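Everything on this sheet refers to the single structure shown next.
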Amino acid sequence: MRGFKPLYLFCILFLLGGSASAQFYFGKNKVQYTRFEWRVLKTEHFEVYFYAAEEELAQIGARLAEEAYLDLRQKFNHEIEKSVPFIIYSSPHYFEQTNVIPSILPENVAGFTEFIKGRMVIPFDGSYAAFADVIKHELVHVFTYEKLTYNHAKNRKLDYSPLPLWFSEGIAEFWSKEWDSQADMILRDLVVSGQLVPLSNMFAIYGTFLMYKEGESFCHFAAQTYGEEKLTQLFEYYWKGKDFSRVVQQVFHKSLEQLDKEWQLFLKQKYFPDLEERQFLSNSARQLTREGFNVSPVVVQVTKKGKLEERIVFKSNRRGYSTISQIPLSGEKGKPTTLIKGERSPAFESLHLFKSKVSANSKGEVAFTSKNQERDFLYIYDTRSEKIVRSFQFDGLVGITSPAWSPDGQEICFAGIHKGGFSDLYTFDINSQKLVQLTDDIYQEKDPAWGPDDKEIVFSSDRGDGGQKGHLNLYKVDLETKRIEQLTFGPYQDLSPVWSKTGDYLVFSSNRDETFNLYRLDSDGQLHQLTHFLTGCFDPQFTTDGGKLVFSGFENYSFHIYSLSLDSAKAEEVPFAKTESKPNWQPQGLLLPSTSQGSLKYQNRYSFDIAQSAIAYDAYFGVGGGFQAAMSDMLGDHQYTLLLSNSAETKDDFLKSFNVAVTYTNRTKRLNHGYGVYHFYERYFDEINGDYNERQYGGAVFASYPFSKFQRLETSFFLRRSERNWLYAPYDRSALLASNYISWVKDNSLWEQTGPLEGTRLNLTFGLTYSLDEMRSFNRIVSADVRQYFRLGNYSSFATRLFGYSSDGPEPQRLYLGGSWSLRGFDRKAFLGRHLALANAELRFPLINDLFVDFPLGKLGFQAIRGAVFVDAGKAWEKELGRLYGSLGFGARVSLGYFTVLRFDWAWTTNFHKINSGPNFDFFFGWNF
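Here my numbering is used: position 592 in the sequence shown is 1111, and no number is missing along the way.
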């Protein structure tokens, strides 16, 4: 690598990198499986972007957004001047393909607000109530940004410190939805277990679901104690303070620290009395799992070595990746064993840890769903042969959740989500492969369970009174007539029904006592509460003999699998009466808002994503500067980028020293592609040939094709004129060069805060540059980078890397070797060559998970302080093999949040004849290899 040349090479690659979100050396892929034909629905305050299959959903979303706007306009005392862009996806699977932001979206992201263009991007997951809540949540973010920006500009304040994330997300939760049983469950658990995170330490749970709920809880406390108008005043007067804590002091006339203590006392007074009437899960039921989150248990019988054994199959993420695992019901054989590994291959890209359940039949066959490419597949796993025996996909269905076997093991019922976003119940005959649709409506259907006679199916749905507010009751559908009958009533969430072995009653989970417990519904309509747990229990299933229940329970901020004897369950009758079923509610968005102008075909309109200048300094070349900009359309499918700088040292060189690169990237299809033109003129330094000036100008085309989330093929082609003038040599060189590069990239690695922890990363690259003037090869490169991570524990692993590189031809491309990311203990440019070989082995282990340091101005926290012991070996050479060098040592890694990692290494270098007596110290910023 030579002088400033890497900077411009990086700029080219950065501009070309827009072809895919993963277009870096490694990285997973965001795959655009479907090309959507977008339309725009304009309302009074919104521009709603949708595609044809979700037109009905777009109209519902438009009405919900307008209703939320009217409420938030009053709360913020503010009017947004421009229409708010609102992009809707009818499925989380489609939402994951969005180009609005380049990063890969985790499955648990329910929506986001992008502030450069002010876009709200939200998927529909089948629930009308959840859709309404997320719309309002994201609109709170839009109002927050607009309100603070307006007030600061009005009062001539140039800038303001951002709101702490716990408050901005907490207020968005508070103003978008009612406090619910899930939030109660989490806060009650934190308070009684002593794990509540104070506001002063909120950075320790930055960005987590727990942070959202604690922030929401504080807003409820502030509104109940001091009045909701105080929260409004925080936004109104934010321009007066330098930071959030000072504004809090001005509004509440109390410090944030004092409010923090009051909030904690408020929660203790609320939840401690529950200890008298409720029981701890761990004291009343038998805990069968210990690590991670474990949910959706099902009991199977397996014959091993002639012995019949009862096992529990369940979903888990005990090591980061989601899995389907099993454990003996007796719990005598220790740790669970893994049946299906999720998030490492295209077939099992996502096992939907919390969104879908598993089911088993009497033959020991387990049915489950997983995201495979763009849609969900239904899989059958045989616990006897320990392999997948069948898999199915269904045209028109994007999502499949909670499959349930019929008693005879011949059919499966599930909730299917079609392209328009709504969910319906289906039955599927495994042998005839006949698919039958049982419902056809806009309501959410989930958790189906077959009746003992194979003639009816019980399920949970929001079709009843209050369903638009998120209430779920139990219903049963007659398979012959498709007539639906309501079984439970009231403003509750009745979930996961299961029939007893005798078929004379149902057990289900419900929040009828303000937290989720288990209930029994008898065939005569009598209702009994079976458990009185402090936190919550879900997904009940009977053991084979019907004498026990296994279920997932929440305690100590974790989900685990528990078993409970029905003899020990203290059933208490609950007043319950069937009420007359009211007509199903209808969402109000089916009619367009009166202010709507109708929908129009989407047209590309471009605006800037970034426009900024930059200055760089080099001790040898001096100061340099430039300008970079990027613009894209509203959906992020089309992007233009620009890089502009000037490297002139005298005014005579000004015109010829412009450096400019312009590229276009198209991300509408699975094959991301683009093209660009560039001109660079710069002075460089080559350690082999010395200083020279080089002008390069030409064009490029590039493409990236992802086979899945984990593998892709990349290629690029450059056609350029290269003119070199050596400052201290008597010759120049001009050449018309054509370069083609192709790479195969694989990445299924799992990361923790300092770098990869498990999985594989692979990059194989071949490149050829040909001189069209002389019709001969100019240079060739071949490189292979293989990295494997072997998991040893929750935060420990053994990491290996093998890297090889070779380049030949009249002007080979040489690489440096040395420094913290390659051969530790040596200088960053210690070795240079056209051929390079490197091997690294590193044992990574945790030192300190959380470290808090008090300073006069506040508390500083560090998360994920890790240790490392390593051995490196490598060489760089020209024509003859050079000497092999190496190093061994130890180091520490300190996570600095989402941005980077602080690295310290002490390395003893060696030429494999002797080891240097003292260690060399490396200080660097960057993630582990």
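Beta carbons are placed, not taken as given, at the ideal position from N, Cα and C, and that holds for glycine.
These numbers were taken from a predicted model, which means no experiment stands behind them.
Item checked: Element boundaries [alpha helix (DSSP H), containing A648] -> 647-673
Note to self: What I want to know is whether the C-beta of F947 ends up closer than 6 angstroms to one or more non-hydrogen atoms of the ligand GTP.
What the structure shows: With respect to small molecules bound, the structure shown includes none, and the ligand GTP cannot be examined in it.
Check: Can you list, in chain order, the residues of its chain whose CB lies under 6 angstroms from that of E615, leaving out five sequence neighbours each side?
Finding: L624
Notebook entry, point to check: When you compare each of L589, D1369, Y608 to L576 by their alpha carbons, which one comes out closest?
Noted result: Y608
Margin query: Using 7 angstroms as the threshold, is the C-beta distance between F1322 and L1336 below it?
Written below: no
Notebook entry, point to check: In chain order, which continuous runs of the alpha helix (DSSP H) of length 4 or greater are located wholly inside the stretch 791-831?
Noted result: 800-803
Notebook entry, point to check: Roughly how many whole angstroms lie between the Cα atoms of S1296 and E1233?
Noted result: Between the alpha carbons of S1296 and E1233 lies a gap of roughly 22 angstroms.
Item checked: Counted within 10 angstroms of its Cβ, other Cβ atoms place D1441 as buried (16 or more) or exposed -> buried
Check: Could you give the distance in angstroms between the alpha-carbon of T1000 and the alpha-carbon of A741?
Finding: 53 angstroms
Item checked: Beta-carbon separation (whole angstroms), S921 vs S881, contact threshold 8 angstroms -> Actually they are not in contact, since the Cβ atoms of S921 and S881 sit about 19 angstroms apart, beyond 8 angstroms.
Notebook entry, point to check: Any idea what DSSP makes of F728, helix, strand or coil?
Noted result: helix
Margin query: Are the CB atoms of K890 and S869 within a distance shorter than 7 angstroms?
Written below: Judged by beta-carbon spacing, K890 lies within the 7 angstroms limit of S869, meaning their Cβ atoms are closer than that value.
Check: By how many angstroms is the C-alpha of D927 removed from the C-alpha of E975?
Finding: 13 angstroms
Next item on the list: Identify, in the order they occur along the chain, each residue of the same chain with its Cβ nearer than 7 angstroms to the Cβ of T1062, setting aside the five sequence neighbours on each side.
Entry: V818, E829, L848, V1069
Note to self: Tell me whether the stretch 985-999 and the stretch 1007-1020 touch, counting them as touching only if at least three CB pairs, one residue from each stretch, are closer than 8 angstroms.
What the structure shows: yes
Checklist line | Rounded C-alpha distance that separates T744 from G760 | finding: 23 angstroms
Notebook entry, point to check: Could you give the uninterrupted runs of the beta strand (DSSP E) lying entirely in the stretch 885-960, keeping only those of 3 residues or more?
Noted result: 894-901, 906-911, 916-924, 930-937, 942-948, 954-956
Margin query: Quick test of the definition: if touching needs 3 or more C-beta pairs under 8 angstroms, does the stretch 715-723 touch the stretch 666-681?
Written below: no
Checklist line | Proximity below 7 angstroms, CB of R582 to CB of Q1107 | finding: yes
Checklist line | the stretch 1182-1190 in contact with the stretch 1165-1173 per 3-pair CB rule at 8 angstroms | finding: no
Notebook entry, point to check: Where does V814 land, buried or exposed, given buried means 16+ other C-beta within 10 angstroms?
Noted result: buried
Next item on the list: Classify A541 as helix, strand or coil using the three-state DSSP reduction.
Entry: Residue placement at A541 cannot be trusted, given a pLDDT of 36 that sits under 50; the coordinates are not used to answer.
Check: Between the Cα of S841 and the Cα atoms of D1064, G1117, S1436, T888, which residue gives the shortest distance?
Finding: T888
Margin query: Quick check on the DSSP output: the alpha helix (DSSP H) that includes Q768 runs from which residue to which?
Written below: First-last of the alpha helix (DSSP H) with Q768: 763-771.
Notebook entry, point to check: Going straight from the alpha carbon of D1137 to that of L658, what length do you get?
Noted result: Low confidence applies to D1137: its pLDDT is 49, below 50, so where it sits in the model is not reliable, and the reading given next is rough at best. Those two C-alpha atoms are separated by around 45 angstroms.
Next item on the list: State buried or exposed for Q769, treating a residue as buried only when at least 16 other CB atoms are found within 10 Å of its CB.
Entry: Exposed, by the Cβ-count rule.
Item checked: Neighbour-count burial assignment, F1389, 16 or more Cβ in a 10 Å radius -> buried
Item checked: Beta-bridge pairing of S1029 - partner residues as DSSP gives them -> D1013, N1036, per the DSSP bridge assignment.
Check: Which residue from G1274, M730, R1231 puts its Cα closest to that of S1261?
Finding: Checking the sequence, you will find Ile at residue 1261 rather than Ser. Considering only alpha carbons, the answer is R1231.
Item checked: Three-state secondary structure assigned by DSSP to N1368 -> strand
Note to self: Starting from K1120, trace the beta strand (DSSP E) in both directions and tell me its first and last residue.
What the structure shows: 1118-1120
Item checked: Boundaries (first-last residue) of the alpha helix (DSSP H) holding K594 -> First-last of the alpha helix (DSSP H) with K594: 574-595.
Check: Are the beta-carbon atoms of E930 and T946 separated by less than 7 angstroms?
Finding: yes
Notebook entry, point to check: Roughly how many angstroms separate the alpha carbons of S1325 and F1448, rounded to a whole number?
Noted result: 21 angstroms
Next item on the list: With F1061 as the anchor, note down where its beta strand (DSSP E) starts and where it stops.
Entry: 1055-1061
Checklist line | Contact set for S1118: own chain, Cβ-Cβ below 7 angstroms, skip 5 residues either direction | finding: So the list reads R558, V559, L560, once near-sequence residues are dropped.
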